[in-house]
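Those sequence lines, one after another, are chains V and S. The first sequence begins at 1 in UniProt numbering and counts up one residue at a time. The second sequence begins at 1 in UniProt numbering and counts up one residue at a time. Structure first, commentary second.
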Amino acid sequence: MRSLGERLNLLRKQLINIRCGPGAAVLPSEVTRIHMDFAISLKGGHMGARKFWKEYLPRLKYHNPSIPMIVNRHDQNQLSPTMSIYLRKSDASPAASSEPLAQPSSSRTNLSKAQPPTADERVVHIDMANKHSSHILEFFMAETRAVPLQPTTEEIVEMQALETLRKNADVDRERVRQLRLEKKKEEDMLKRARAAGGMAEQEEA
Amino acid sequence: MAPIDRCLASVAKLALSQPSIRPVVPTIPRFLAPALIQSRQASVIRTKKTTKKKAVPKDFKRHNLEKREFPQHTLCDAMRVLRAIEVGQPPASIKYEIHINLKTARNGPVIKSSIRLPHPVQSDWQIAVICPEGSDIATAATAAGAVAVGEETLFEAIRQEKIDFDRLICHENSEKALNKAGLGRILGPKGLMPSKRMKTIVNDVVKSIRDSAGAADYRERQGVIRMAIGQLGHTPDQLKANIQALLKKVKVECAEISEEVSKEVHEVILSTTNGPALSLNGKLNEAESTLTVEALSSVM
Chain V
1 MRSLGERLNL LRKQLINIRC GPGAAVLPSE VTRIHMDFAI SLKGGHMGAR KFWKEYLPRL
61 KYHNPSIPMI VNRHDQNQLS PTMSIYLRKS DASPAASSEP LAQPSSSRTN LSKAQPPTAD
121 ERVVHIDMAN KHSSHILEFF MAETRAVPLQ PTTEEIVEMQ ALETLRKNAD VDRERVRQLR
181 LEKKKEEDML KRARAAGGMA EQEEA
Chain S
1 MAPIDRCLAS VAKLALSQPS IRPVVPTIPR FLAPALIQSR QASVIRTKKT TKKKAVPKDF
61 KRHNLEKREF PQHTLCDAMR VLRAIEVGQP PASIKYEIHI NLKTARNGPV IKSSIRLPHP
121 VQSDWQIAVI CPEGSDIATA ATAAGAVAVG EETLFEAIRQ EKIDFDRLIC HENSEKALNK
181 AGLGRILGPK GLMPSKRMKT IVNDVVKSIR DSAGAADYRE RQGVIRMAIG QLGHTPDQLK
241 ANIQALLKKV KVECAEISEE VSKEVHEVIL STTNGPALSL NGKLNEAEST LTVEALSSVM
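Have a look at this one:
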């Protein structure tokens with residue numbers, strides 16, 4: 001079992017990574033759901049979409065836990081990867097949209113295709129083909145008018161502490177590597193000497 | 001007559017010129033007098049290096065979490081982080097896992113049992129039943145949902161490693177046939193070998209099938225109980241019901257099992273298939289938290 005300190009440091013890193021960074025933003029209340037559709041393999045410009053899902057979507061989901069974010073992956077690389085953002089129409093009352101959504105959950109096997117919007121929703125599509133993930137994020141932020149969250153002072157302090165920890169770890173790693181190298185060198189030398197000496201003894205005999 | 005010194009000198013020379021100065025070991029067969037034979041002539045007595053092994057402590061190490069200020073989360077906070085990490089994954093294939101760290105001795109009795117969770121993680125078990133072929137029991141078992149029924153046919157399938165079930169139940173009447181078949185080498189490592197202790201050799205097969213259909217096994221290994229506790233799609237209330245049911249059962253078993261040694265729950269940790277492990281503090285949600293339970297119940 002891992003020691004408590006090791007567990008703590010790994011956890012701190014993961015928690016700060018999901019809280020802060022690009023993609024940490026609060027979506028306005030008119031966004032009802034997000035749907036992403038792309039292929040499992042990256043051929044045909046699907047790389048950016050996958051990276052967006054892996055890098056930024058967890059942060060978005062953390063800050064907007066109630067918004068369904070559906071990822072539908074499939075094996076049809078000829079299709080262009082698209083993101084659909086479902087927005088509530090400005091004139092519709094929020095109470096009217098409380099009816100249950102007929103939205104299937106995420107799938108690896110093309111089972112949850114993008115649904116047509118309900119009566120009080122409109123859809124914005126973003127074409128993600130051949131785009132870098134950070135580029136897709138810019139489009140996304142512009143379309144939804146999301147408010148990026150700035151890290152608080154505590155979070156900045158935490159990040160700096162983790163950074164010093166990482167730097168110290170690098171220094172220590174290098175020091176231990178040198179020590180091990182030295183030890184190995186000495187051992188090798190001894191081994192070679194022993195092999196040579198053994199030969200000499202055999203010749204004498 | 002030559003002076004004695006000269007003689008001595010020549011003797012010494014003779015002795016020196018001889019290749020072996022070391023005394024020759026008399027060639028007495030070893031079995032005759034092993035104690036008398038001096039096998040070594042080393043003048044330096046090497047002291048044996050004795051590194052004393054540190055004694056392994058009796059109990060598993062359990063840190064004081066409060067003293068070390070280890071962060072503990074409410075269930076809703078933990079679910080928020082885990083749901084964020086697992087975003088976009090098919091919710092049926094991603095599971096919540098629970099790890100219960102026990103404060104317990106390294107040796108001694110371990111907890112090993114099964115539980116029917118209020119909201120089962122996996123409900124479609126494939127069950128096979130060993131019972132006399134063509135009997136009433138066989139037909140009843142098939143009716144109850146067993147995928148394979150029989151005696152020799154089933155044994156033959158197992159010998160050919162054609163195992164398409166994940167539970168194996170044996171009827172009491174077929175116990176002898178099972179022991180004779182000698183399948184322990186194949187079934188043992190998979191944990192499928194029926195035994196009385198695991199309650200998989202039974203009299204009432206149908207009841208056992210019904211019981212084990214929604215049940216999940218758990219056991220203590222190295223002082224920790226690990227098991228899948230829910231699907232990613234479960235709501236906080238469902239997950240809470242599952243965790244409470246399991247903890248209640250484990251606590252009862254802890255109290256039952258320990259005659260001399262004490263065994264108690266030390267820490268409860270929640271994680272998912274790909275997620276980090278978060279220590280729980282036993283609360284569902286903070287009172288003044290903006291996070292609601294409904295927010296964590298949406299479609300993944």
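Note that the Cβ used here is the ideal one computed from N, Cα and C, for glycine as well. A quick note: this is a predicted structure, and the numbers were derived from the prediction, not measured.
{"Query": "What residues of chain V sit near residue 89 of chain S, judged by a beta carbon separation below 7 Å?", "Result": "106"}
{"Query": "In chain order, what residues of the stretch 77–105 of chain S put their CB closer than 7 Å to some CB of chain V?", "Result": "80, 81, 83, 84, 85, 87, 88, 89, 90 and 91"}
{"Query": "Locate the beta strand (DSSP E) running through residue 69 of chain V, then write down its first and last residues.", "Result": "69–74"}
{"Query": "What does the alpha-carbon distance come out to for the pair residue 82 of chain V and residue 165 of chain V?", "Result": "40 Å"}
{"Query": "Report the three-state DSSP secondary structure of residue 151 of chain S (helix, strand or coil).", "Result": "coil"}
{"Query": "Can you check which of these residues, V/88, V/20, V/80 and V/76, is closest to residue 60 of chain V by C-alpha distance?", "Result": "V/20"}
{"Query": "By the DSSP assignment, the alpha helix (DSSP H) with residue 5 of chain V in it spans what residues?", "Result": "4–19"}
{"Query": "Quick one: does residue 40 of chain V have its CB under 9 Å from some CB of chain S?", "Result": "no"}
{"Query": "Enumerate in chain order the residues of its own chain whose CB-to-CB distance from residue 91 of chain S is below 7 Å, with the five nearest sequence positions on each side excluded.", "Result": "231, 232, 233 and 300"}
{"Query": "Since residue 271 of chain S is in the beta strand (DSSP E), which residue starts that stretch and which ends it?", "Result": "264–272"}
{"Query": "Restricting to Cα atoms, I'd like to know which of S/167, S/220 and S/173 is closest to residue 194 of chain S.", "Result": "S/167"}
{"Query": "Is residue 285 of chain S helix, strand or coil when you go by DSSP?", "Result": "coil"}
{"Query": "How would you write the range of the alpha helix (DSSP H) that residue 63 of chain V sits in, first residue to last?", "Result": "57–63"}
{"Query": "Determine the contact status of residue 44 of chain V and residue 114 of chain V, defining contact as a CB-CB distance below 9 Å.", "Result": "no"}
{"Query": "In terms of DSSP beta bridges, what is residue 188 of chain V paired with?", "Result": "In the DSSP output, where bridge partners are listed per residue, residue 188 of chain V has none listed."}
{"Query": "Counting contacts by CB-CB distance shorter than 9 Å, is residue 62 of chain V in contact with chain S?", "Result": "yes"}
{"Query": "Do you know offhand how far residue 95 of chain V's Cα is from residue 131 of chain V's?", "Result": "Any reading at residue 95 of chain V is ruled out, since the residue's pLDDT is 49, under 50, leaving its predicted position unreliable."}
{"Query": "Check residue 36 of chain V in the structure and name its three-state DSSP category.", "Result": "strand"}
{"Query": "The beta strand (DSSP E) with residue 295 of chain S in it runs from where to where?", "Result": "Per DSSP, residue 295 of chain S belongs to no beta strand (DSSP E) and is neither H nor E."}
{"Query": "Determine whether the beta carbon atoms of residue 226 of chain V and residue 270 of chain S lie at a separation below 9 Å.", "Result": "In the structure as shown, chain V begins at 1 and stops at 205. Residue 226 of chain V is therefore absent and cannot be evaluated."}
{"Query": "To the nearest angstrom, how far is it from the Cα of residue 88 of chain V to the Cα of residue 116 of chain S?", "Result": "42 Å"}
{"Query": "What separation, rounded to the nearest whole angstrom, lies between the Cα atoms of residue 175 of chain V and residue 12 of chain V?", "Result": "25 Å"}
{"Query": "Could you give the residue range of the alpha helix (DSSP H) that holds residue 244 of chain S?", "Result": "236–257"}
{"Query": "So, helix, strand or coil for residue 157 of chain V, using DSSP?", "Result": "helix"}
{"Query": "To which residues of the same chain is residue 272 of chain S closer than 8 Å at the C-beta, ignoring the five residues directly before and after it?", "Result": "82, 85, 86, 94, 95, 96, 97 and 232"}
{"Query": "How many Å lie between residue 286 of chain S and residue 172 of chain S at the Cα?", "Result": "52 Å"}
{"Query": "Which same chain residues, not among the five before or five after residue 63 of chain V, have their C-beta less than 7 Å away from its C-beta?", "Result": "24, 25, 26 and 149"}
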